[in-house]
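Residue numbers (numbering that gives the first Met the number 0): 0 to 318.
Glycine residues also receive a C-beta, built at the ideal position from the N, C-alpha and C atoms.
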Amino acid sequence: MDSSVSEGAGSDVTVTVAAIRQSLSRVWLGDQFILDLMLVTVLARGHLLLEDVPGVGKTTLAKSLARALGMDFNRVQFTNDILPADILGGSVYNPVDGNFNFVAGPIFTDFLLADEINRASTRSQSAFLQAMEEGGVSVDGVNHVLSPLFTVIATQNPIDYDSTNPLPEAQLDRFLVATSIGYPQRDQELSLLEGDRNTGDPLVEAVLGGEQLSALQELARNVFLHPQLAQYIVDLARLSREDERLRLGISPRGSIHLAQAARALAVIRGRDSVIAEDIQQLIPPVWSHRLLPRHGRDQDRSAAVELLNELLQQVPLPR
Numbered sequence: 000m001d002s003s004v005s006e007g008a009g010s011d012v013t014v015t016v017a018a019i020r021q022s023l024s025r026v027w028l029g030d031q032f033i034l035d036l037m038l039v040t041v042l043a044r045g046h047l048l049l050e051d052v053p054g055v056g057k058t059t060l061a062k063s064l065a066r067a068l069g070m071d072f073n074r075v076q077f078t079n080d081i082l083p084a085d086i087l088g089g090s091v092y093n094p095v096d097g098n099f100n101f102v103a104g105p106i107f108t109d110f111l112l113a114d115e116i117n118r119a120s121t122r123s124q125s126a127f128l129q130a131m132e133e134g135g136v137s138v139d140g141v142n143h144v145l146s147p148l149f150t151v152i153a154t155q156n157p158i159d160y161d162s163t164n165p166l167p168e169a170q171l172d173r174f175l176v177a178t179s180i181g182y183p184q185r186d187q188e189l190s191l192l193e194g195d196r197n198t199g200d201p202l203v204e205a206v207l208g209g210e211q212l213s214a215l216q217e218l219a220r221n222v223f224l225h226p227q228l229a230q231y232i233v234d235l236a237r238l239s240r241e242d243e244r245l246r247l248g249i250s251p252r253g254s255i256h257l258a259q260a261a262r263a264l265a266v267i268r269g270r271d272s273v274i275a276e277d278i279q280q281l282i283p284p285v286w287s288h289r290l291l292p293r294h295g296r297d298q299d300r301s302a303a304v305e306l307l308n309e310l311l312q313q314v315p316l317p318r
C-alpha cells in the first residue's frame, strides 16, 4: 500500500500539526500521544472521555486545544442537580411579544468540556449524550442543529465514585476515544512551576480557522483504508464478541470508530492511507472502554487492555 501523502498536501498537514504542537507547548509538556488522540477525536468528528483525577490539567489542555484549532469553547460542570435544560437550552417566555423564544444552552458551541459527567443524573446524562450523538437538540418540537465542528471532551474521576452515576455501556460506546492524562514526569512537573505555564490563561495562538479545520476533517474522511485492514478490524471485533471472558465485546460502532480514528491518525502522521501500526496503536484508547469483562470491576480499563493485547496475538496482521 502506498502510505505517502501527496507532496503538497502532506507538507501542509505536517506543518500545521507542528504549529499546533508548538502553540500548545506553553501549556502541555506531557505525552505527545495524548495530543494526537485529541486531534484524532476532532478530525474524526468524534468525542473523547478523559478518566483522570483532579488537577492534572484537563481543563487547561482542552481550552488551549480549542483555541489553537480556532474553535469556540464552553465548559459545563456537571452536578447531581443539573437539568437537561441547563445544558441544552429551552424555551423562555418573552413578556414583550408574548412568545416563547429558544435560548441556547452551553452545548451550542464548537468545543465543549463536560466536566465530571458521571455526577449528573441519568436523565441529564441521557439527554446530553443523545444530543451529542445526533448533533442537535429538539425543544418543543423544533430541531436546533449543533455546530458542524461540535466536539465533546467529557471527564470523570476514576477514583471517587461517591454520589455518581457511572455511564452505562451504551453511553460509553458513543465516545470515540477514552484515555487518561495521568501525572506528569518529575522534570515535567518542575517545568510547570516555571515561566507562565501555571498562569490562569496562558497565551495559546490560534493556528487554524473553522474552514481549515473542516478541510482537515474532510481530508481524514477520505484517507484510504485497505480492504485487508478493514477485514483485520472486523476480525478483531468479532473475536471479542466470542470471548467467554467478556460479557460485552466490540460493537459495529466500535469497528467504525476505530476505522475513523485510524484515518485521522494517518492524516496527523502525514499519510493518505492507514497502516497496520495506526490500528494497533489506537486499539487500547478506542476499544478498552467498550469491553465489559465478566469478572472484576466494570471500570477497570487495565484488564480490558490486557484482554485486547491477547486478542491482538490471535489475529495475524495483514501482509
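Report yes if the CB atom of residue i is closer than 9 angstroms to the CB atom of residue j, and no otherwise.
{"i": "L111", "j": "R74", "result": "yes"}
{"i": "R289", "j": "L171", "result": "yes"}
{"i": "L64", "j": "L38", "result": "yes"}
{"i": "D35", "j": "F99", "result": "no"}
{"i": "L291", "j": "Q280", "result": "no"}
{"i": "Q313", "j": "L228", "result": "no"}
{"i": "I180", "j": "G29", "result": "yes"}
{"i": "T178", "j": "R118", "result": "no"}
{"i": "P284", "j": "V203", "result": "no"}
{"i": "R244", "j": "R293", "result": "yes"}
{"i": "L235", "j": "A261", "result": "no"}
{"i": "L319", "j": "V102", "result": "This structure cannot settle anything about residue 319, because the visible part of the chain is limited to 0 through 318."}
Determine the direct distance from the alpha carbon of residue j to that of residue i, and round the result to whole angstroms.
{"i": "I106", "j": "A126", "result": "11 angstroms"}
{"i": "E132", "j": "E309", "result": "31 angstroms"}
{"i": "I267", "j": "V222", "result": "11 angstroms"}
{"i": "P183", "j": "Q129", "result": "34 angstroms"}
{"i": "D277", "j": "Q259", "result": "11 angstroms"}
{"i": "M70", "j": "N164", "result": "30 angstroms"}
{"i": "I81", "j": "D11", "result": "43 angstroms"}
{"i": "V344", "j": "S120", "result": "Since the displayed the chain opens at 0 and closes at 318, residue 344 lies outside it and no answer follows."}
{"i": "F72", "j": "T108", "result": "6 angstroms"}
{"i": "L247", "j": "P147", "result": "32 angstroms"}
{"i": "G104", "j": "R252", "result": "28 angstroms"}
{"i": "A303", "j": "I282", "result": "11 angstroms"}
{"i": "I158", "j": "K57", "result": "16 angstroms"}
{"i": "H256", "j": "E168", "result": "15 angstroms"}
{"i": "E305", "j": "A18", "result": "35 angstroms"}
{"i": "R220", "j": "R20", "result": "22 angstroms"}
{"i": "A84", "j": "N142", "result": "14 angstroms"}
{"i": "P317", "j": "R122", "result": "44 angstroms"}
According to DSSP, residue i sits in a beta bridge with which residue or residues?
{"i": "G135", "result": "V144"}
{"i": "Q76", "result": "D114"}
{"i": "F101", "result": "S90"}
{"i": "P292", "result": "L245"}
{"i": "V151", "result": "L111"}
{"i": "A177", "result": "L48"}
{"i": "S272", "result": "F223"}
For residue i, which three-state DSSP category applies?
{"i": "F32", "result": "helix"}
{"i": "V39", "result": "helix"}
{"i": "L307", "result": "helix"}
{"i": "S22", "result": "helix"}
{"i": "S162", "result": "coil"}
{"i": "G199", "result": "For G199, the pLDDT reaches just 49, beneath the cut-off of 50, and the residue's location in the model is therefore unreliable, leaving the point undetermined."}
{"i": "W27", "result": "coil"}
{"i": "P317", "result": "coil"}
Quick check: is any heavy atom of the ligand ADP less than 8 angstroms from the C-beta of residue i?
{"i": "Q184", "result": "Judged by which ligands are present, the structure shown has none, so any question about the ligand ADP falls away."}
Practice problem: Could you tell me whether the segment 48–55 touches the segment 88–99, using the rule of 3 or more Cβ pairs below 8 angstroms? | Solution: no
Self-check item: Segment contact, 8 angstroms Cβ cut-off, at least three pairs: the segment 141–156 with the segment 113–122
Solution: They touch, by the three-pair rule.
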